[in-house]
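Reading through the structure tokens given below for one structure.
Residue numbers (the numbering used here), protein chains in the order written: chain X, 3 to 150; chain H, 91 to 175.
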């Protein structure tokens, strides 16, 4: 089962884990990304494309299931306005064996940083707002998977 | 030619709108020409498209370069490089 969602609503991690686990899997790897509250951040806003963002996530999910033997995959990204501590992304990858579940999870996290149509804007306590620039380090991590 | 244009992130903020329908003049045949035309059209366009090398584009959901033709396009999306999840 592949479940891919882009949603402005809060991600219910417990409910998603229950849904993902319904099949009973040998090994499940998970990643939860949260909004860091660095430098008086009051809001993180994620702009997204109404069609291309979810299509990009679905492409990544299928790339992972092509590459590893996965029995279930959940990939949920939150968009729009968030605050410090909110869950921004949830990755759940299951397989009969742990190595494949862990590798798929890491692959998805790395590729999310570079391949998905999302734009971040940070707003700080003094009212200052800035759009985040692309990070070279993220490309380095995502690029590792091209050679493997 | 009537064309839907959607803007994202700081391009949207600088344009002051999320989308619009424009009547593109006949000489504007590709993405690069469209961006240059928008930059010359008004102050908001000049602000949003001052640095065309920082603009990325998609035509009907597919990423495209500046030379991509507009013929047959329904929607053009214009946006900065993505910053990821």
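All C-beta atoms in this analysis are idealised placements derived from N, C-alpha and C, irrespective of residue type, glycine included. Predicted model only: the values in this text are computed from it and were never measured.
Contact of residue 85 (chain X) with chain H is not assigned, every C-beta pair being separated by 9 angstroms or more. In terms of Cα proximity to residue 169 (chain H), the closest of H:159, H:160 and H:142 is H:142. Within chain H, 174 and 175 have C-beta atoms less than 7 angstroms from the C-beta of residue 114 (chain X), given in sequence order. No Cβ of chain H is located within less than 9 angstroms of the beta carbon of residue 14 (chain X). Residues of the same chain with a CB within less than 6 angstroms of the CB of residue 167 (chain H), apart from the 5 flanking positions on each side, are 96 and 148 in chain order. Residue X:52 holds the alpha-carbon nearest to the alpha-carbon of residue 9 (chain X) among X:3, X:42, X:36 and X:52. Counting only unbroken stretches of 4 or more residues, the alpha helix (DSSP H) elements lying wholly within the segment 80-130 of chain X are 100-117, in sequence order. Residue 35 (chain X) sits in a strand when the DSSP states are folded into three classes. For the options X:41, X:13 and X:4, the alpha carbon positioned closest to that of residue 23 (chain X) is the one of X:4.
Beta bridge pairing from DSSP links residue 165 (chain H) with H:94. Under DSSP, the beta-bridge partners assigned to residue 48 (chain X) are X:82 and X:122.
Residue 72 (chain X) carries a coil assignment under DSSP once its states are collapsed to helix, strand and coil.
With its beta carbon at least 9 angstroms from every one in chain H, residue 142 (chain X) lies outside the interface.
DSSP places residue 102 (chain H) in the uninterrupted alpha helix (DSSP H) bounded by 99-105.
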